[in-house]
Amino acid sequence: MTSSIWLGAGYFYIDKNMKTIIIGLGNPILTDDGVGVKVAQQLEEIIDRDAHPELTITEASAGGLRLMETLLGFDRVILIDAYYLYEETNNPGTIHHLTLDDLRSVSPTQHSTSAHDTSLVTALDAADKMGYKVPRDFSIYAIEVENILEFSETPTPAVAKAIPIVTEQIITELSLKIR
Amino acid sequence: MERITIDPITRLEGHGKIEIFLDKKGNVENAYLQIPELRGFEQFSIGRPAEEMPRITNRICGVCPEAHHMAATKALDALFDVEPSSVVKKLRELFYNSFYVTDHTVHFYALGGPDFVLGPDSDPAERNILGVIHKVGVDIGIQVIECRKRNHEVIKILGGRGIHPVAGLPGGWSKAMTKDEQKIILEYAQQNVDFALFSLKLFDDIVLANQAYVDLIVSDAFTHETYYMGTVDENNLINFYDGMIRVTGPDGKEFVKYPAKDYTKHIAERVEPWSYLKFPYLKNVGWKGFVDGMDSGVYCATPLSRLNAADGMATPKAQEHFERFYETLGSKKSNGRFTPVNHRLATHWARLIELLYAAERMQELTKDPEITDPNVRPIITNTPTEGVGSVEAPRGTLTHHYKTDENGILTDVNLIVGTTNNNAPIAMSIKKAAEGLIKNGEVSEGLLNTIEMAFRNYDPCMSCATHSLPGQMPLEIQIHDADGNVIDTKSQYID
C-alpha cells in the first residue's frame, strides 16, 4: 500500500514506499568539496534507519556515468554537492535547492564534471534512452563553497555552518525519523 | 613574448583553459592546457600513519581511485620491505585490469571515440555518449553500461568497496577470493574479451574503413616524435601492475630501463615562468624546450607510449592486434621491434588494444588455480623507512614515494600522477594544432574542435578539482598578442 504525505504548496508529494537514495557528493579531503559527504555522514548518524527501510544513504566522489549507475533502480534521489559560482557572485555557505531541470539549465547536456566523464544529465538521458529505470524525482542541495583546491578534512567556517542546516532540510523534506 | 604570470586562483573557473601566446607577427609562439593544481597534499599526509595512504590517496581523484590505491599499496610494500606473495600479486593485478577495462571503455565510448564516431566537425553538443548511441544504436550503449557494471562488481568483490577500494595492505591484500567468486569473475572476463573484440571491430568499421579518418590520424598536425614511457615485464611486454619502467626513443631503440624506485635519477621537472604546471622530462637527455626529437628530453606516457615502449603484448589476441596496429600505420620492424608510431590520434586505437589485453589478462589470472589461495595477509616485522610504488595508470605512469620515521609516520610524500608526465607533450600537441589554424593573427574556423582532439587523445585527468556543481567543463581558449593582451576568447563546452 502506498502512503503519501502532502507537504503543502504542491511542490513535494512524498511517497513513503519510494525507493530513495541520498548521496553526498564530493571529495572529503578537499576542504569544502566534501561538504555533501559531511551532510550524508551526519544523516547516517542521526536517522532512525529501522523506520526507513526504503532509504539508502551513501557518499560518492563520482560524477556522470558512475553516479548515474549508482542511481539506477531508485525512484527518488537526494543529491548534496558543493557549488562553485563565479568569483563575483559566489557566497560561501549559501544553500540552493535545485531540480534536475535546474542542473540541466546550468549544465546543458554536453557539459561535464570531469574531463574523464560525462555530465550527470547526459548520463541519465543516455540511460533513459537505453531503457534503464531512471529515477523520476531529484532534489539537489547545492552549497556554495570557498575552497576546493586545497587538501584538508575541515571545511571553511561559512560552509561548515551550512552542514546542519542542509541536514535539517533533508530530514524535513523526507519526513525522516531521527533516533 | 611578454611573460604573464596569473594567480592560479583566478583561473579556477577555467578548468579546461588553453592559453595561446602569439609573437609579433601574430603567429603561435606558445600554447598550453591549463589544469587547476590541487595544493597541500604533502602537508595533508605528513604526520599520518603510512598504511592509511592507500585509502587516502584513492580520494585524490574520483576518476582513478584504483590506480592511486594500487600505487600506494605498492609503495607500502617497499616501505615495509615486504615482498607480496604470488597470490597477492595476482589478486592485485586482476583487480587492476578490471579497472582498466572500465576506464578505457569510458574513454572510447564517451570521450575520445565520439570525435570519430560522429566526426570531428560535428556539433560538440552531439559529440558525447548520447550522440554515439544515436549514431550506432542503443544496444551498444547497453553493452557499455553492462561492461562497466560487471567490472565494478569485480572491483567491489576484490577491492572491498565499489568506488574507493580498501583491500591494499603492505605486502598483502585484505581478502582472498572464493571459488564462487572465481567462477563469476571468469564469466565476466570472457564477456570483457568479447566486448573488447567488438570495440576493435567497431573501430575498424567506423575509423579504419574511412580514408578521411585514416588521413587525419597520420596527418602531420597530430604527429610528434618524442620518447615513450611504459612499464614492461621481464620479456619487455606491457604490464599495467608491475615491472620495470622502460623508455624508448623516437628512433625506436631502448633508451633506458629502470626500477620505479630510481625515478629521480631519470626524471626531472621543468618549471616555466608562464605556467604553474611542472613539465617532467628525461634528465639524461636534458630539456631543450617544447620540441620533438632525439635531443629533446620530452617523453610521453599514454596507451600509445606503452605500446611503443614495449616489444609486444603478453596475451595472444592483443598481440595480434598489436602487430596489425603497427603494420597498418606503416611501421617497420627493426631488431625485432616495431619502429614507433608517432601519430597521437592513434592513441585511441592503442587504448582499445590495451582494453583487449586487460580483458585477456583477467581471464589468465582468474583461471590460475593459485588465485583462490587464502594466504593473503602477511605479518609485517620490518621497520619502515622509505618506499616507492608505481603502476601504469590509464593516463600514464603513476609514482608514489613515501618516507617515514621508525614508527611508520609519514615525513615526506611525493606523487607524480599520470597526466603530469604528458604536460609537455600536451602543450606541444595544442601548439601544433593552433599553428595550423592561426596565421598572422588570423584565426581559422575549427580551432576549438581541432585543439580539443589534440589534447583529448591524452585522456588528461582534471577531475580532481572539478567535482563541484554546476559541473561545467568549459573549454576556453584565450589568445594573447605579443604584449600579453587577450585579443580573442573562444569557448565551448566539452563532454
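Each protein sequence line maps, in turn, to chains A and B.
Residue numbering for the first sequence follows the numbering used here, beginning at 76 and increasing consecutively.
Residue numbering for the second sequence follows the numbering used here, beginning at 70 and increasing consecutively.
The beta-carbon is built from N, C-alpha and C at its ideal position, and this holds for glycine as well.
Since I believe residue j is in contact with residue i (beta carbons under 8 Å), could you give me their beta-carbon distance rounded to a whole number of angstroms?
i                 : j                 : result
Tyr576 of chain B : Val316 of chain B : One cannot answer for residue 576 of chain B here, as it falls past the ends of chain B, which runs 70 to 564.
Ala428 of chain B : Ala265 of chain B : 5 Å
Ile129 of chain B : Ser114 of chain B : Contact doesn't hold; Cβ gap of about 10 Å is too wide.
Leu160 of chain B : Leu227 of chain B : 6 Å
Gly101 of chain A : Asp156 of chain A : 6 Å
Glu221 of chain A : Ile104 of chain A : No, Glu221 of chain A and Ile104 of chain A are not in contact; Cβ-Cβ is about 16 Å, not under 8 Å.
Ala290 of chain B : Ala141 of chain B : Not a contact, Cβ separation roughly 39 Å.
Ile253 of chain A : Asp125 of chain A : Actually they are not in contact, since the Cβ atoms of Ile253 of chain A and Asp125 of chain A sit about 12 Å apart, beyond 8 Å.
Thr174 of chain B : Cys216 of chain B : 5 Å
Thr292 of chain B : Pro319 of chain B : Rounded, the Cβ-Cβ distance is 11 Å, inconsistent with contact.
Asp442 of chain B : Val156 of chain B : 4 Å
Leu434 of chain B : Glu250 of chain B : Wrong, their Cβ atoms sit about 13 Å apart, outside the cutoff.
Phe267 of chain B : Trp418 of chain B : Not confirmed; about 15 Å, so no contact.
Asp200 of chain A : Leu199 of chain B : 6 Å
By Cβ distance, which residues of its chain are closer than 8 Å to residue i, with the 5 residues on each side in sequence left out?
i                 : result
Glu120 of chain B : Leu145, Leu238, Pro239, Gly477
Gly148 of chain A : Lys94, Lys208
Ser243 of chain B : Gly229, Val235, Ala236, Gly237, Val445, Arg446
Tyr169 of chain B : Phe309, Glu423, Leu424, Ala427, Pro463
Gly358 of chain B : Ser365
Gln244 of chain A : Ile170, His172, Tyr216
Which residues share a DSSP beta bridge with residue i?
i                 : result
His172 of chain A : A:Tyr216
Gly458 of chain B : B:His469
Phe348 of chain B : B:Arg339
Lys252 of chain A : Its beta-bridge partners do not exist; DSSP assigns none.
Ile224 of chain B : According to DSSP, Ile224 of chain B bridges with nothing at all.
Pro183 of chain B : In the DSSP output, where bridge partners are listed per residue, Pro183 of chain B has none listed.
Thr100 of chain B : One detail in the question is off: residue 100 of chain B reads as Ala in this sequence, not Thr. Note: Ala100 of chain B sits in a beta bridge opposite B:Ile89.
Asp200 of chain A : Answer is none; Asp200 of chain A lacks a bridge partner.
Pro118 of chain B : B:Ile478
Cys216 of chain B : Cys216 of chain B is not bridged to any residue.
Asp557 of chain B : B:Ile548
Asn483 of chain B : B:His470
Lys508 of chain B : B:Glu511
Arg108 of chain B : A:Glu225
Please go through the same chain and pick out, in chain order, the residues whose beta-carbon is closer than 6 Å to the beta-carbon of residue i, but skip the five residues on each side of it.
i                 : result
Ile215 of chain A : Leu154, Leu173
Lys330 of chain B : Val457
Asn99 of chain B  : Phe90
Glu225 of chain A : Thr106
Ile485 of chain B : Thr468
His470 of chain B : Val457, Asn483
Thr416 of chain B : Thr371, Pro372, Leu373, Asn526
Val152 of chain A : Ile96, Leu146, Pro210, Phe213
Glu475 of chain B : Thr452
Tyr86 of chain A  : Interpretation of Tyr86 of chain A is limited by its pLDDT of 38, a score under 50 that renders its predicted location unreliable; no figure is taken from the coordinates.
Trp356 of chain B : Arg339, Tyr350, Gly366
Pro123 of chain B : His138, Ala141, Thr142, Gly237
Gly540 of chain B : Confidence at Gly540 of chain B is low in this model, with a pLDDT of 39, below 50, so its placement is unreliable and the value that follows should be read with caution. Result list for Gly540 of chain B: empty, nothing under 6 Å.
Asn220 of chain B : Ser167, Val170, Thr171
Leu346 of chain B : Asn492
In chain order, what residues of the same chain have a beta carbon less than 7 Å from the beta carbon of residue i, not counting five sequence neighbours either side?
i                 : result
Asn377 of chain B : Tyr297, Thr317, Pro409, Val410
Gly312 of chain B : Thr300, Val301, Asp302
Leu506 of chain B : Val512, Ser513, Gly515, Leu516, Thr519
His176 of chain B : Arg420, Asp528
Phe391 of chain B : Leu376, Gly381, Met382, Ile422
Ile592 of chain B : Chain B is shown only over 70 to 564; residue 592 of chain B falls outside these bounds and no answer can be derived.
TODO: Evaluate contact between the region 451-470 of chain B and the region 481-495 of chain B, counting only Cβ atoms and requiring at least three cross-stretch pairs below 8 Å.
DONE: yes
Open item on the list: Counting only Cβ-Cβ distances shorter than 9 Å, please list the residues of the region 273-291 of chain B near chain A, keeping chain order.
Closed with: none
Task: Residues of the region 205-228 of chain B with Cβ closer than 8 Å to any Cβ of chain A, in chain order - done: Taking 8 Å as the Cβ-Cβ cut-off against chain A, the residues of the region 205-228 of chain B that qualify are Val207, Gly210, Ile211, Ile214, Arg217, Lys218, His221.
Task: Residues, ordered as in the chain, of the region 119-130 of chain B that lie near chain A by beta-carbon distance below 9 Å - done: Ile125, Arg128, Ile129, Cys130
Task: Inter-stretch contact at 8 Å, needing at least 3 Cβ pairs: the region 146-157 of chain B / the region 183-201 of chain B - done: no
Open item on the list: Under 8 Å: do the region 360-374 of chain B and the region 493-502 of chain B share three or more Cβ pairs, one atom per stretch?
Closed with: With the cut-off at 8 Å, the region 360-374 of chain B and the region 493-502 of chain B touch.
Task: Residues from the region 221-241 of chain A in contact with chain B, defined by Cβ distance under 9 Å - done: If the cut-off is 9 Å between Cβ atoms, the region 221-241 of chain A has Ile223, Leu224, Glu225, Phe226, Ser227, Glu228 near chain B.
- [ ] Quick one: which residues of the region 198-210 of chain A get their C-beta closer than 9 Å to a C-beta of chain B? List them in chain order.
- [x] Ala198, Asp200, Ala201, Ala202, Lys204, Met205, Gly206, Tyr207
Task: Proximal residues, the region 133-166 of chain B versus chain A, C-beta separation under 9 Å - done: Cys133, Pro134
Task: Interfacial residues, the region 230-250 of chain B to chain A, with Cβ spacing under 7 Å - done: Ile232
TODO: Return the residues of the region 92-105 of chain A that lie within a Cβ-Cβ distance of less than 8 Å from chain B, sorted by chain order.
DONE: Leu100, Gly101, Asn102, Pro103, Ile104, Leu105
TODO: Taking only beta carbons into account, state which residues of the region 486-510 of chain B come closer than 7 Å to chain A, listed in chain order.
DONE: none
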